[in-house]
Structures are given as structure tokens and as C-alpha cells.
Ligand SMILES: Nc1ncnc2c1ncn2[C@@H]1O[C@H](COP(=O)(O)OP(=O)(O)OP(=O)(O)O)[C@@H](O)[C@H]1O
Ligand SMILES: [Mg+2]
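Numbering (the working numbering), first residue to last: 144 to 563.
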């Protein structure tokens with residue numbers, strides 16, 4: 144390329160970069176930001192492949208942004224880990240890696256890393272560095288024609304540095320939005336909880352006298368049919384009582400009784416409890432427990448309750464043959480200070496049921512929200528309260544027609560007073 148042509152393309156590049164830079168401050172949605180970034184970088188460089196990875200602290204891996212929206216199978220297995228040699232190299236050098244020009248660096252990567260890089264046709268790898276750490280990376284494929292020249296790479300580096308701020312901002316923004324909606328939910332739950340507790344107390348007393356009166360009348364009835372009617376009434380009263388009990392336990396949860404437990408055993412026991420109901424509907428329950436540690440400090444009774452609530456919801460939701468529920472458990476170490484002793488479990492319970500419409504997803508944690516004839520609508524609000532009291536985190540994702548996933552983060556250890 145002649146000097147003039149090169150100059151012109153540089154000008155184009157500079158202009159494209161300044162335009163892209165402007166758009167960074169306007170876009171806060173991560174996937175939208177990625178789409179915009181990727182489209183412009185493709186345009187500028189004429190490469191077909193641009194992949195942006197960001198650290199996902201839940202999994203301690205660098206994943207391509209928007210793996211949920213992309214075709215998952217296409218990207219399955221495409222991720223990097225903090226211990227990868229590529230990440231090590233980027234952390235040390237904090238500069239872009241031009242793979243064809245550094246074949247000795249490439250040859251030192253593991254086979255898995257090489258395979259991933261080849262799958263995304265990697266030629267240029269640029270690290271997003273913040274606080275002296277690699278927080279993400281952008282990977283470019285080959286150009287349609289020619290190679291990346293040094294001037295171009297220098298300009299791209301400037302652009303990528305700006306982009307890394309934009310991606311980090313957008314990530315923070317999303318986390319903040321999520322936190323705000325969680326706080327709103329907790330607030331709503333607390334208010335409703337107080338109301339429920341008040342109502343429960345008011346209802347309980349008259350209910351006790353209704354029950355004992357029916358019992359008294361039943362004993363005096365001689366006609367068999369009438370007697371059985373009275374029995375039905377008692378059963379119904381008991382059902383109301385159970386609901387009230389649920390309301391109370393949600394509004395005023397009993398103290399946590401933290402004990403050291405084998406988490407794997409706890410989950411197996413719970414699965415056995417649910418398995419009967421699952422088998423009746425031909426639903427398979429699968430457990431994938433992958434953790435270097437098994438111990439957990441929790442209130443076992445309450446955590447069992449949580450797992451039963453979620454598993455039963457899945458069992459009840461599935462209305463088709465070949466139903467399947469998978470429980471995946473990962474033991475992870477955490478950077479988050481909120482989690483004591485640095486270990487926590489990531490529990491994902493997935494079903495292939497009908498899913499929940501997006502506009503109702505936020506309602507499922509509300510007390511008394513139910514779509515079931517026999518449901519109280521308290522299962523998930525109790526679950527939420529219990530997880531919260533264990534200083535964990537719970538969220539639910541769902542896609543209509545595909546299924547539902549409940550994701551829980553549970554600290555391996557909850558500090559208890561007498562331990563300090
Ligand atoms: N896995 C799931 N698939 C589809 N819908 C679900 C799933 N889990 C929960 N839901 C929806 O969320 C609602 C609330 O669930 P929650 O467990 O709080 O109450 P419930 O199951 O209706 O009643 P209860 O738990 O008292 O039996 C359910 O009625 C259902 O509509
Ligand atoms: Mg339920």
C-alpha cells in the first residue's frame with residue numbers, strides 16, 4: 144500500500160475510533176455495547192472474527208459476552224481461566240499479542256488454549272487491564288486481506304483501552320441495577336411479611352376454636368356420611384393451618400441452627416425425598432457434584448427445605464414425557480468479601496419444563512404468587528428468605544418452552560456468634 148493510501152486509511156481509522164468512543168458513553172447495556180463494538184471493529188479491520196471475553200466471577204472464567212444470546216453450542220467450551228498460560232502472558236506483558244509473530248509464545252500454550260484460540264481464529268489478542276489485572280480480552284481474527292500493520296495496531300490499542308473502560312462501566316452499571324432490584328424485592332418481602340404475620344396471628348385463634356368445635360360435633364355425630372363430612376372440614380382447617388404456618392415461618396423465620404455438614408450427602412438425601420414424586424411423572428433427576436471440598440456450614444433443615452421447594456416446583460412444572468431436572472453443584476473460591484472464608488457453592492437447578500414468561504419472572508418470589516390450584520405461593524419467598532439469611536444469593540432464569548434454571552450462591556461458611 145502506498146504512503147498516501149496508508150495515510151487515508153489511518154484517517155478513517157482515527158475517525159471511526161472517535162465515533163466508537165462517543166458511542167461508548169451512550170450505551171450501558173453490555174450486549175448492545177458488544178454488538179456495537181464488534182460491528183465497528185470488523186468494519187475498521189476487515190476481520191470476520193471479533194470475540195470479547197470478560198471475567199465472570201461466578202465461574203472464575205473469562206467467557207465471551209452474551210453467551211446466552213449467542214448460539215450456545217457454537218461457543219461451548221470457548222472460555223479462558225485465570226490459570227491459563229495465555230492469561231499469564233497477558234498479565235505479565237499487559238500488551239497485545241500478535242500470534243503469527245509470536246509463534247514461540249503460542250507453542251507454550253496448553254492444547255486446550257490452542258484449540259480455543261484456533262476455534263475463534265485468533266490472530267490478535269488484546270487484554271483489558273484494570274487494577275493491574277486482566278479483566279477481559281478482545282480477540283481478532285485474520286484480516287480479509289493483508290496483515291495488521293504496526294500503526295493500525297497502535298491505534299487499535301488505544302481504542303481497546305477505551306473499550307475496556309466502557310465494558311467495565313457497563314458491567315458495574317448492570318450489577319448496580321441488579322442490586323437495586325434485589326433491594327427493592329427484599330423491601331417488598333419485608334413489608335408483606337409483616338402484614339402476613341399480623342394476619343396469621345388474627346386468623347389462628349378463631350381457627351383453633353373452629354377446629355375444636357368441629358371435632359366436638361364430629362364425636363357426637365352418629366351418621367357415617369355426616370361424620371365423614373365433618374372429617375373433611377377438619378382436613379380443610381388443617382390445610383389452612385399449614386398455610387398460616389408457612390406464612391409465619393416466612394415472616395419470622397426460626398433461628399438459624401448452623402452445623403457442619405457434608406453438602407454432597409445433604410443433596411443426595413434431598414434428591415431421595417423428591418425422587419418419588421419425580422418418578423411418578425417419569426422425570427429423571429441428575430446430580431453433577433463437582434467440588435474439591437464437600438463441607439458446608441448451614442442450617443441443614445432449612446437448606447433441605449430450599450432444595451425441596453425448588454425441586455418440587457420443577458417436578459410440578461414439567462408436564463411432558465422425558466422430563467429432566469439437573470442439579471449442578473460447583474465448589475468455588477471467591478473474591479467477594481461478603482462470603483466468609485472465601486469458599487462458596489454455586490448450585491444450578493435446571494428443568495426442561497414450560498418455563499416462566501419474562502414479565503412474570505419477577506413475581507415468583509412474591510409471597511402468595513402462585514399459578515397452582517393447590518399452591519400457597521410461599522415456596523419461593525420462604526426459599527428467598529432462607530438463602531438471604533445464609534448470606535447467599537438466588538436468582539431465576541427462564542425461557543418459555545425451554546425450561547427454568549434456579550441459580551443459588553451459598554457461602555460455604557456462615558459466621559456464627561459463638562464462633563468469633
Ligand atoms: N421450575 C418452574 N417452572 C415453571 N414455573 C415455576 C417454576 N418454579 C416456580 N414457578 C412458578 O412460580 C410460582 C411460585 O412458586 P412458589 O414455589 O413460590 O409457589 P407454588 O409452588 O405455587 O406454591 P407452593 O410452593 O406453596 O406449593 C409457581 O406457582 C409457578 O407458577
Ligand atoms: Mg412451590
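Idealized CB from N, CA, C, for every residue including glycine.
{"Item": "Residue of 234, 544, 518 and 523 minimising C-alpha distance to residue 536", "Value": "523"}
{"Item": "Among 374, 239, 406 and 460, the one whose alpha carbon lies nearest that of residue 436", "Value": "406"}
{"Item": "According to DSSP, residues forming a beta bridge with residue 474", "Value": "488"}
{"Item": "Own chain residues within Cβ distance below 6 Å of residue 452, not counting five before or after", "Value": "522 and 526"}
{"Item": "Ordered list of beta strand (DSSP E) runs contained in the segment 203-280, each at least 3 residues", "Value": "204-207 and 267-273"}
{"Item": "Opposing strand residues paired with residue 554 [DSSP bridges]", "Value": "487"}
{"Item": "Buried/exposed call for residue 359, threshold 16 Cβ in 10 Å", "Value": "exposed"}
{"Item": "Beta carbon shell of ligand 2 at less than 5 Å from a heavy atom", "Value": "456 and 522"}
{"Item": "Contact test: residue 498 Cβ vs ligand 1 heavy atom, cutoff 7 Å", "Value": "yes"}
{"Item": "Test item: CB-CB of residue 413 and residue 450 under 8 Å", "Value": "yes"}
{"Item": "Own chain residues within Cβ distance below 6 Å of residue 512, not counting five before or after", "Value": "506 and 520"}
{"Item": "Residues bridged to residue 537 [DSSP beta-bridge criterion]", "Value": "551"}
{"Item": "Inter-residue CB distance, residue 194 and residue 272 (contact presumed, cutoff 8 Å)", "Value": "Going by Cβ atoms, the distance from residue 194 to residue 272 rounds to 18 Å, so no, they are not a contact pair."}
{"Item": "Bridge partners - residue 282, DSSP secondary structure assignment", "Value": "194 and 268"}
{"Item": "Residue 495 versus 330, 548, 313 and 222, residue with shortest Cα-Cα distance", "Value": "548"}
{"Item": "Beta carbon of residue 197 nearer than 8 Å to that of residue 314", "Value": "yes"}
{"Item": "Paired residues, beta bridge with residue 542 - DSSP", "Value": "546"}
{"Item": "Limits of the beta strand (DSSP E) - the one that residue 441 falls within", "Value": "438-441"}
{"Item": "Proximity test, residue 460 beta-carbon vs ligand 1 heavy atom, cut-off 7 Å", "Value": "yes"}
{"Item": "Contacts around residue 181, its chain only, beta-carbon distance under 6 Å, and the 5 residues preceding and following it disregarded", "Value": "193"}
{"Item": "Cross-strand partners of residue 505 (DSSP beta bridge)", "Value": "Answer by DSSP bridge pairing: none, since residue 505 is not bridged."}
{"Item": "Alpha-carbon spacing of residue 425 relative to residue 225, whole angstroms", "Value": "41 Å"}
{"Item": "Of the residues 317, 274 and 183, the one placed nearest residue 302, counting alpha carbons only", "Value": "183"}
{"Item": "According to DSSP, residues forming a beta bridge with residue 431", "Value": "471"}
{"Item": "Contacts around residue 161, its chain only, beta-carbon distance under 8 Å, and the 5 residues preceding and following it disregarded", "Value": "none"}
{"Item": "For residue 504 and residue 543, the rounded distance between their alpha carbons", "Value": "11 Å"}
{"Item": "Anticipated Cβ contact below 8 Å, residue 399 with residue 556, distance rounded", "Value": "Actually they do not touch by this definition, with Cβ atoms about 13 Å apart."}
{"Item": "Member of 517, 510 and 490 whose CA lies at the smallest distance from the CA of residue 538", "Value": "490"}
{"Item": "Residue 99 (DSSP reduced to helix, strand or coil)", "Value": "No information on residue 99 is available, as it lies outside the stretch 144 to 563 that the chain covers here."}
{"Item": "DSSP state of residue 185 mapped onto helix, strand, coil", "Value": "helix"}
{"Item": "Alpha-carbon spacing of residue 373 relative to residue 382, whole angstroms", "Value": "14 Å"}
{"Item": "Neighbour-count burial assignment, residue 221, 16 or more Cβ in a 10 Å radius", "Value": "buried"}
{"Item": "With 16 other Cβ atoms within 10 Å as the buried cut-off, status of residue 463", "Value": "exposed"}
{"Item": "Length of the line joining the Cα atoms of residue 443 and residue 356", "Value": "38 Å"}
{"Item": "Selected residue, minimal CA-CA separation from residue 316, among 540, 176 and 292", "Value": "176"}
{"Item": "Inter-residue spacing [alpha-carbon to alpha-carbon] between residue 259 and residue 279", "Value": "15 Å"}
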